[in-house]
Amino acid sequence: MSKERTPVRIERIRGHLVCTSLLHDDATILDLGAHKGAFSKILSARIRGKFILAEANPELYAVLPSEEPFTRLNCAVTDEDKEVFLNLAENPEASTILKLSSEMKVSGKESNQIVIAGLSLRSLFDRLSLPIVDLIKLDIEGAECAALDSLSDETLSSVPQITVEFHDDPVFHFDLSLQTSRVIGRLCSLGFLVLRGEFPSNMDVLFLNRRFVFLTRNREAWLRLKHEWLPYAHARIESYRLRLFGRLSRFGRHA
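Start counting the sequence shown at 108; every next residue gets the next number (this note's numbering).
As structure tokens, this is what we get:
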């Protein structure tokens, strides 16, 4: 099917926007920051693809599926091939190779730091002989900008879609706003449409490559309305409704 006739079907899977209409039974999916593998398990129930799951935290890696069609790797994905320190957070899914802020709770284990293998995203492509990758999902607790920086413009342009949880929000205390803006700008310049599933934040960003799907201005406007503005407006209205209900309840108790 030509890209002009390819429908654009976007869904949210485990907190990540994905253009599921671009996936097929021969697809290769990189699930980086796989956690317990839920994202890939959901997709594997729908397509017969090849799933490569990378997870830095040994506790989470141990429970990842290892049978076909899954391949699992216990490593931190970053911009260099070298051992790195993994800071263990109280929530295993929040463990990071970045320095944890004192405002973020750390693990109660005797040691809050372990040494693990670090692998650049570029090396991941090379070592696994991945000529084609159909979807990259990145949720690697602040290392996403460094990982994407390791890929050339040519390699990035060959990927139909990339879905990323950026960690530039002040709640993470990583100070990544400039790096995140730079990476988003780079992907925009390469022809990717940017859709924010948690608009206006960058905690769920889908980069959709215009080389693989036909997008008119009207089509892009509709996608932004459906996946950014309408959910944002609904969330704001619901927040206002709850605040108003709370005020009325307090007023009723004191009347």
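Note that the Cβ used here is the ideal one computed from N, Cα and C, for glycine as well.
Query, Result
"Pairwise C-alpha distance: F314 and P172", "27 Å"
"Residue span of the alpha helix (DSSP H) that contains I149, given as start and end", "A145 to S151"
"Proximity to E276 [Cα-Cα], best of G249, L294 and D260", "The question names Glu, yet the displayed sequence has Asp at residue 276. Considering only alpha carbons, the answer is G249."
"DSSP-derived helix/strand/coil call for I190", "Contrary to the premise, residue 190 reads as Glu rather than Ile in this sequence. Strand, per DSSP."
"Start and end residues, beta strand (DSSP E) containing R119", "I117 to I120"
"Q220 burial status per 10 Å Cβ neighbour count (16 or more: buried)", "exposed"
"Close-in-space but distant-in-sequence residues of the same chain around L258 (CB under 7 Å, 5 per side omitted)", "L228 and R229"
"Segment contact flag, the stretch 145-152 with the stretch 116-126, C-beta cutoff 8 Å, min 3 pairs", "yes"
"Assigned exposure category for H341 - 16 Cβ within 10 Å defines buried", "exposed"
"DSSP-derived helix/strand/coil call for N219", "coil"
"Unbroken beta strand (DSSP E) run spanning N316, endpoints", "V312 to N316"
"C182 vs A201 beta-carbon contact at 8 Å", "no"
"Cα-Cα separation between L205 and L297, rounded to whole angstroms", "28 Å"
"Where T203 falls: helix, strand or coil (DSSP)", "strand"
"Residue range of the unbroken alpha helix (DSSP H) whose run includes A183", "It is not in any alpha helix (DSSP H) - A183 instead sits in the beta strand (DSSP E) that spans A183 to T185."
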